[in-house]
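Have a look at the structure below, then the notes.
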Amino acid sequence: MLIDESTNWKIRLPITWRMRECARVFAEKQQTFEKSIQVERNTLAVSVVNAYLEWQGYATDLAAGDSWNVGTQLLGDVADLMVEGVGRIECRSVLPGEEECHLPAETWYDRVAYVVVQLNVNRNEAVLLGFSPTFDPEDPVDRLILKDLGSVDELVSYFDRIEKGYRELEKNSSLEFEKIRQIWTEQYSRLMLVAQLERIYRNELPSKWRVKGEKIISGRILESNIIREKFNPEGTEKTSREIRIEFQGVAEKLLNQLVEAWR
Amino acid sequence: MSILPSNLGISGDLPEDWRRKLKELIKLACEHPRNTPQRRRVFNQIIKIIQQSDSLWREGTQYYEDALQKTWLYFALNLCKEQEINTADEPFCSEDCKVIARLNKYLKWRLKDYGIETSEERRKRLYPRVNDDGSLIEPIDMIPAPKSTPNWCDELRIWAETDISGKLRSTCIKGYPEVTCQIIILRRLPPEATWKDIATEFGLPISTLSSFYERKCRPFLREFGQSEGYFSIDGDDQNADR
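Chains A and B are the protein sequences, given in the same order. The first sequence begins at 269 in this note's numbering and counts up one residue at a time. The second sequence begins at 137 in this note's numbering and counts up one residue at a time.
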């Protein structure tokens, strides 16, 4: 038998009795068969991804996710998991033979990454197929092509960039970072902000950073203008154009400093 | 029924070339501090090599995967010499460690633990026990009677309709007193109206509705969910039998 060192081999994750029990308890009290299946699969997906992250020493908070709350799981097709220092990720499942993974609309925003597992329920085993980083909220993606997913090694590198970016955002004493910390106060929204800026850094030409970054940090896309009201407290008399230009400057400086942490 | 691992020699470990490869990788992993991307990427490699070698003990018992999960975690915690996290005396990176043999030994111990737990449960069910006053506790008394609880969907509907605190009724979109969290939650319960339907009904953009739902209504739903109890993957539930 030869050792195959190519990246084609995918990591297997055991589906434990305990995970199956959690999934059963959640699924049992749903009203329809379809909803039961959906909740069962989402619970298993979150559980196995959580187990892998545990092997790798990441701290997670299952109870903080919508997928683990009977109220919020009832009103949406969600399989989210909070990862300390990284953010809120979505764990989607596919069945053997499927080539695409559907992403329901309720998972399009507020996710730093999508991790996809294949559930082989008969074997009590899941295959960790790969992941996709967050996408442009202005151009949401409703399905992932499985063969295009990033590898687990890329997942580790991507999480590392978010962790580094977040640490920079927390400790950098420059005026721009201070401003951002004032308007983005919650840990998981700051992580989302870092993930979005990382996407811009990775996908966009530096000449576009100002404009693309402004949309993100002003909260125009992620929080529909709520943030902007905070940035421009009543009494100041700036036009929306002035505010936008100011935010563009902040975005550019922010990205230039984050790039240092990511290189 | 157990399936014998196919790739093990008489030593209970992998062939020489696999063992060397595994040793190399473990040594490499331990050159990097814990929780660094370098260590994590090498650990991915290590997991893949072990899984490919198909050399971990396998059997088809109820708690096999639970024991396997514990084994992987034990491996991760004891890969390198790190006193703050090590649970074993000797880390896996030590010179003369037979990695697979040791993992299998640990795995079989955990299976034994689960075996004891299961037979203990069975014993309690099958054999009658005696009350303080000498009367028998029949096994049948120890099986909880099935409770006919409504499904969560109905419970949530009742909770939203009664709205004891009045918060669901009083939280609305600015300038739209009729678009409250109560209305949104009831509309979104199965068989749910689409966001588009609701948007048309109230003449509002979908984005306004969904961000109102996310920020204002979701916290109420989480409160409802928390009151239903928490289900732990590690087995320390509260109210899990509800």
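Beta carbons are placed, not taken as given, at the ideal position from N, Cα and C, and that holds for glycine. These numbers come from a predicted model, not from an experiment.
**Q.** chain B contact residues for A/Asn392, given Cβ-Cβ distances below 8 Å
**A.** Against the first sequence, residue 392 of chain A aligns to sequence position 124. Under the 8 Å cutoff, chain B gives Tyr200, Glu201.
Q | Own chain residues within Cβ distance below 6 Å of A/Leu412, not counting five before or after | A | Mapped onto the first sequence, residue 412 of chain A falls at position 144. So the qualifying residues of the chain are Cys369, Ser400.
Q) Of all Cβ atoms in chain A, is any one closer than 8 Å to the Cβ of B/Gly148? A) Numbered from its first residue, the second sequence carries residue 148 of chain B at position 12. Answer no: the Cβ-Cβ gap between B/Gly148 and chain A never drops below 8 Å.
Q: Indicate the three-state DSSP secondary structure (helix, strand or coil) for B/Tyr242 in the structure shown.
A: Within the second sequence, residue 242 of chain B is the residue found at index 106, counting from 1. B/Tyr242: helix per DSSP, three-state reduction.
(Q) According to DSSP, is B/Pro327 part of a helix, a strand, or is it coil? (A) For this step, residue 327 of chain B is matched to residue 191 along the second sequence. DSSP places B/Pro327 in coil when its eight states are reduced to three.
Q: Tell me, to the nearest whole angstrom, how far the beta carbon of B/Pro326 is from that of A/Thr300; I am working on the premise that it is less than 8 Å.
A: Against the second sequence, residue 326 of chain B aligns to sequence position 190. Against the first sequence, residue 300 of chain A aligns to sequence position 32. Correct: roughly 6 Å between the Cβ atoms.
(Q) Looking at the secondary structure, which residues open and close the alpha helix (DSSP H) in which A/Leu522 lies? (A) By one-based count along the first sequence, residue 522 of chain A stands at place 254. 508 to 530 is the span of the alpha helix (DSSP H), which, as asked, contains A/Leu522.
Q | Inter-residue spacing [alpha-carbon to alpha-carbon] between B/Ile294 and A/Ser425 | A | Along the second sequence, read from residue 1 onward, the residue named residue 294 of chain B stands at position 158. Along the first sequence, read from residue 1 onward, the residue named residue 425 of chain A stands at position 157. Roughly 46 Å separates the two Cα atoms.
Q) Can you name the start and end residues of the beta strand (DSSP E) that A/Tyr382 belongs to? A) In the first sequence, residue 382 of chain A corresponds to position 114, counting from 1. Unbroken beta strand (DSSP E) run through A/Tyr382: 381 to 388.
**Q.** Length at least 3, wholly inside the stretch 322 to 389 of chain A: the beta strand (DSSP E) runs in chain order
**A.** You should have 348 to 351, 355 to 362, 368 to 370, 381 to 388.
Q: My understanding is that A/Val351 touches B/Phe367, with C-beta atoms under 8 Å, so please give their C-beta distance in whole angstroms.
A: On the first sequence, residue 351 of chain A is found 83 positions in, with the first residue counted as 1. On the second sequence, residue 367 of chain B is found 231 positions in, with the first residue counted as 1. The Cβ separation is near 19 Å, so there is no contact.
Q: Report yes if the CB atom of A/Asp345 is closer than 8 Å to the CB atom of A/Gly333, and no otherwise.
A: In the first sequence, the residue the question calls residue 345 of chain A occupies position 77. In the first sequence, the residue the question calls residue 333 of chain A occupies position 65. For A/Asp345 and A/Gly333, no; Cβs fall outside 8 Å.
(Q) Taking the alpha-carbon of A/Trp277 as reference, which of B/Arg175, B/Gln174, B/Asn180 has the nearest alpha-carbon? (A) Indexing the first sequence from 1 puts residue 277 of chain A at position 9. Out of B/Arg175, B/Gln174, B/Asn180, B/Asn180 has the C-alpha closest to the C-alpha of A/Trp277.
Q) Just checking, does the stretch 149 to 158 of chain B make contact with the stretch 475 to 492 of chain A on the three C-beta pairs under 8 Å criterion? A) no
Q. Hey, is B/Arg305's beta-carbon within less than 8 Å of any beta-carbon in chain A?
A. Locating residue 305 of chain B in the second sequence gives position 169, where the first residue counts as 1. Not one chain A Cβ lies under 8 Å of B/Arg305.
Q: Figure out for me which residue from B/Ile221, B/Ala237, B/Leu292 has the closest Cα to the Cα of B/Leu150.
A: Stepping through the second sequence from its first residue, residue 150 of chain B is reached at position 14. Considering only alpha carbons, the answer is B/Ala237.
Q. Are the Cβ atoms of B/Cys324 and A/Leu343 separated by less than 8 Å?
A. Here residue 324 of chain B refers to the residue found at position 188 of the second sequence. Here residue 343 of chain A refers to the residue found at position 75 of the first sequence. The residue asked about is misnamed: residue 324 of chain B is Arg in this sequence, not Cys. Yes; because the gap between Cβ atoms is below 8 Å, this pair is in contact.
(Q) Let's test the definition: count the other Cβ atoms within 10 Å of the Cβ of A/Lys483 and tell me whether it reaches 16, buried, or not, exposed. (A) Your numbering for residue 483 of chain A matches position 215 in the first sequence. Result: buried.
Q. Of the residues that make up the stretch 300 to 322 of chain A, which ones have a beta carbon closer than 8 Å to any beta carbon in chain B?
A. Thr300, Lys303, Ser315, Asn318, Ala319, Glu322
Q. Relative to the alpha-carbon of B/Phe348, which residue among B/Gln187, B/Cys233, B/Glu328, B/Gln318 has its alpha-carbon at the smallest distance?
A. By 1-based counting over the second sequence, the position of residue 348 of chain B is 212. Checked all of B/Gln187, B/Cys233, B/Glu328, B/Gln318; the closest Cα to B/Phe348 is B/Gln318.
Q: Tell me, please, whether the stretch 458 to 471 of chain A touches the stretch 354 to 369 of chain A by the rule of three or more beta-carbon pairs shorter than 8 Å.
A: yes
Q. Out of B/Gly311, B/Gln198, B/Lys206, B/Ile320, which has the shortest C-alpha to C-alpha gap to B/Asn110?
A. With chain B covering only 137 through 378, there is no way to say anything about residue 110 of chain B.
Q) Where B/Ser138 and A/Asp410 are concerned, what is the direct C-alpha to C-alpha distance, given to the nearest angstrom? A) Numbered from its first residue, the second sequence carries residue 138 of chain B at position 2. Numbered from its first residue, the first sequence carries residue 410 of chain A at position 142. Legend: pLDDT at B/Ser138 = 43, less than 50; position of this residue unreliable, no value from coordinates given.
Q) According to DSSP, is A/Val409 helix, strand or coil? A) Numbered from 1 along the first sequence, position 141 holds the residue referred to as residue 409 of chain A. Correct three-state label for A/Val409: coil.
Q: Closer than 7 Å by C-beta to A/Val462: which residues in its own chain qualify, once you throw out the five before and the five after it? Chain order, please.
A: Here residue 462 of chain A corresponds to residue number 194 of the first sequence, with the count starting at 1. Excluding five sequence positions before and after A/Val462, the CB atoms of its chain that fall closer than 7 Å to its own CB belong to Ile430, Gly433, Tyr434, Leu437, given in chain order.
Q) Just to confirm, are A/Arg467 and A/Val395 a CB contact at a threshold of 8 Å? A) Indexing the first sequence from 1 puts residue 467 of chain A at position 199. Indexing the first sequence from 1 puts residue 395 of chain A at position 127. Not in contact: A/Arg467 and A/Val395 (Cβ atoms no closer than 8 Å).
**Q.** chain A residues whose Cβ lies nearer than 7 Å to that of B/Arg156
**A.** Along the second sequence, one-based indexing puts residue 156 of chain B at 20. Chain A residues near B/Arg156: none, gap ~10 Å exceeds 7 Å.
(Q) Here's a check: name, in chain order, each residue in its chain whose Cβ is nearer than 8 Å to the Cβ of B/Gly148, leaving out the five neighbours to either side. (A) For this step, residue 148 of chain B is matched to residue 12 along the second sequence. Once the five neighbours on either side are set aside, the close Cβ partners of B/Gly148 are Lys234, Ile236, Ala237, Asn240.
Q: Can you have a look at A/Gly398 and say buried or exposed, based on whether 16 or more other CB atoms are within 10 angstroms of its CB?
A: For the purposes of this step, residue 398 of chain A is taken as residue 130 along the first sequence, with counting starting at 1. A/Gly398 should be labelled buried.
Q. Going by C-alpha distance, which of A/Pro372, A/Ser304, A/Pro405, A/Ile283 is nearest A/Gln464?
A. As a position in the first sequence, residue 464 of chain A is number 196, starting the count at 1. Of the listed residues, the one whose Cα sits closest to A/Gln464 is A/Pro405.
Q) In terms of residue numbering, what span does the alpha helix (DSSP H) encompassing B/Thr316 cover? A) The residue given as residue 316 of chain B occupies position 180 in the second sequence. Where B/Thr316 is concerned, there is no enclosing alpha helix (DSSP H), although the beta strand (DSSP E) it sits in stretches over 312 to 316.
(Q) B/Cys308 and B/Thr316 - do their beta-carbons sit closer together than 8 Å? (A) For the purposes of this step, residue 316 of chain B is taken as the residue at position 180 of the second sequence. For the purposes of this step, residue 308 of chain B is taken as the residue at position 172 of the second sequence. Yes, they are a contact pair.
(Q) One question on the structure: do A/Val518 and A/Lys447 come within less than 8 Å of each other, judged by their Cβ atoms? (A) The residue labelled residue 518 of chain A in the question sits at position 250 within the first sequence. The residue labelled residue 447 of chain A in the question sits at position 179 within the first sequence. A contact, by the Cβ cut-off of 8 Å.
**Q.** Cβ-based burial, A/Ser486 [other Cβ within 10 Å; buried from 16]
**A.** Indexing the first sequence from 1 puts residue 486 of chain A at position 218. Result: buried.
Q: Check whether the Cβ of B/Lys184 lies closer than 8 Å to any Cβ atom in chain A.
A: Reading the second sequence from its first residue, position 48 is the one you call residue 184 of chain B. It does: the Cβ of B/Lys184 has a partner Cβ on chain A nearer than 8 Å.
Q | Neighbourhood of A/Arg309 by C-beta, 6 Å cutoff - its chain only, sequence neighbours within 5 removed | A | Against the first sequence, residue 309 of chain A aligns to sequence position 41. Spatial neighbours of A/Arg309 in its own chain (CB-CB distance under 6 Å, excluding positions within 5 residues in sequence) are listed in chain order as Ser361.
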